[in-house]
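> Here the protein sequences come in this chain order: E and G.
If you're matching positions, the first sequence starts at 69 in this note's numbering and goes up one per residue.
If you're matching positions, the second sequence starts at 2 in this note's numbering and goes up one per residue.
For glycine and all other residues, C-beta sits at the position ideal for the given N, C-alpha and C.
Please read these numbers as outputs of a predicted model, since none were measured by experiment.
One structure, as structure tokens, below. Some questions next.
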Amino acid sequence: MSILAQAAEAVEPLTSPEFKTAMSAVGAGFAYGLAAIGPGVGIGIVVGNAVQAMARQPEAAGLVRTTMFLGIAFTEALALIGFVVFILLKFA
Amino acid sequence: MSSIVAIVFPPIDEILRWKPLVGNEGDPFAFNKIGLIAFFAAFATLALFFVAGKKRALVPTGVQNLAEASIDFIQDGIIAQTMGTKKEDMRWTGYLTALFFFLLFTNVTGIIPVIQMPATARMGIPLILALTSWFLFIFMGFKNNGIGYLKAAVVPPGVPKALLPLVVLIEIVSTFLVRPFSLAVRLFANMLAGHLLLVTFAVMGHGLFFAETKQAFFVPMTILPLILFIAITLFEVLVVFLQAYIFTILTAVYLGGAMHPEH
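Put into structure tokens, the structure is as follows:
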């Protein structure tokens, strides 16, 4: 009985608003940090290969640049969704 | 409200939620700073092209030069690259130019001193523009290809039969559900992120300069956040143009894909 009461006392702070705020701050940090890994690598690959293509074929630089921005825009979307989750967890 | 070494970061409502200038809070016709910026942007876009089109000189100067160069940019840099060079493609010049300049003017208020609030950092304007693009490309798809547009949009050529159900499901979700959402969120989150960065360094500089502890070395240290504030403002100039460009070119890509699905 006493152990159960102790356990209940130990669990009780987990529902407190301070705990919720702290955990959503931690979760917000992880949400953005983890969401930024993949797109970071991805944008690096996209731009790196675009630079390579432009160096090999300077006459195609205009087309490559347009396509590169499109690729960046699609890759970046995931990081931005992570950023929105961050905002929602931290402030909402 | 969170504080870092006596620097108090304001709650998000204080940064983004503006008190109505006309009307009351919660009133559907209340009019705040965001609405004012949106009206300014629409007016500036109209004014730019009315002023440019007034003289119609053979050798363009000043505003006319800018307007002609930007229309060339929309036609050669965006439409020809993504949709095609036929007459029906070039008909979109008007919408895409208006879209580009409206976005440019709503974004650029984020870095103009004193105003410093991008209207696109609130979800309203990006959402409506993204839904307009979404509606337009679906409408053009059905108009140009009839009911066959559905097949062209969701069944990519050369997919093995066994994978078809999965691919069709993914294509339906990505074309008809994710596109407007990602279009809106991309613009909104980019502008909001830039705005929050600027707010962070402005608050830091303010906190150091007016520190309550009156440490003598705090005041000269204000230069550090100030330098970063200026650097990020310069970076935001790039972001402002890039986001307007990306929103416009993605709209053109979606329209082109819907009008000529054979490509």
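Please list the terminal residues of the continuous alpha helix (DSSP H) segment that includes residue 76 of chain G.
Looking at the DSSP string, residue 76 of chain G is not in any alpha helix (DSSP H), and its letter there is neither H nor E.
> Mind pulling the chain G residues with CB within less than 8 angstroms of residue 145 of chain E?
Here the neighbours are 183, 186 and 187.
> Mind checking who residue 32 of chain G pairs with in its DSSP beta bridge?
G:23.
> In terms of residue numbering, what span does the alpha helix (DSSP H) encompassing residue 141 of chain G cover?
125–146 is the extent of the alpha helix (DSSP H) around residue 141 of chain G.
> Can you give me the C-alpha to C-alpha distance between residue 64 of chain G and residue 44 of chain G, rounded to a whole angstrom?
Between residue 64 of chain G and residue 44 of chain G, the C-alpha separation is close to 16 angstroms.
> Hey, is residue 254 of chain G's beta-carbon within less than 8 angstroms of any beta-carbon in chain E?
Taking Cβ atoms only, chain E reaches closer than 8 angstroms to residue 254 of chain G, which makes this a yes.
> Report the three-state DSSP secondary structure of residue 144 of chain E (helix, strand or coil).
Residue 144 of chain E: helix per DSSP, three-state reduction.
> Determine the direct distance from the alpha carbon of residue 99 of chain E to that of residue 115 of chain E, and round the result to whole angstroms.
Going by the C-alpha atoms only, they are around 25 angstroms apart.
> For residue 125 of chain E, which of helix, strand or coil comes out of DSSP?
In the structure shown, residue 125 of chain E sits in coil (DSSP, three-state: anything other than H, G, I, E or B).
> Helix, strand or coil for residue 222 of chain G per DSSP?
Three-state DSSP puts residue 222 of chain G in a helix.
> Determine, using beta carbons only, whether residue 239 of chain G comes closer than 8 angstroms to chain E.
Cβ-Cβ to chain E under 8 angstroms: no for residue 239 of chain G.
> So which residues of chain G does residue 151 of chain E contact, with C-beta pairs closer than 7 angstroms?
Chain G residues near residue 151 of chain E: 190 and 194.
> With 16 other CB atoms within 10 Å as the buried threshold, where does residue 101 of chain E fall?
Burial call: exposed.
> State the Cα-Cα distance for the pair residue 39 of chain G and residue 109 of chain G, rounded to the nearest angstrom.
Rounded to the nearest angstrom, the two C-alpha atoms are 11 angstroms apart.
> Under a three-way DSSP split, which group does residue 69 of chain G fall into?
It is helical.
> Would you mind sorting residue 183 of chain G into buried or exposed? The rule is 16 or more other CB atoms within 10 Å of its CB.
Answer is buried; the Cβ neighbour count reaches 16.
> What distance in whole Å lies between the Cβ atoms of residue 176 of chain G and residue 154 of chain G, which are believed to be in contact at a cut-off of 8 angstroms?
Their Cβ separation, rounded to whole angstroms, is 5 angstroms, which keeps residue 154 of chain G and residue 176 of chain G in contact under 8 angstroms.
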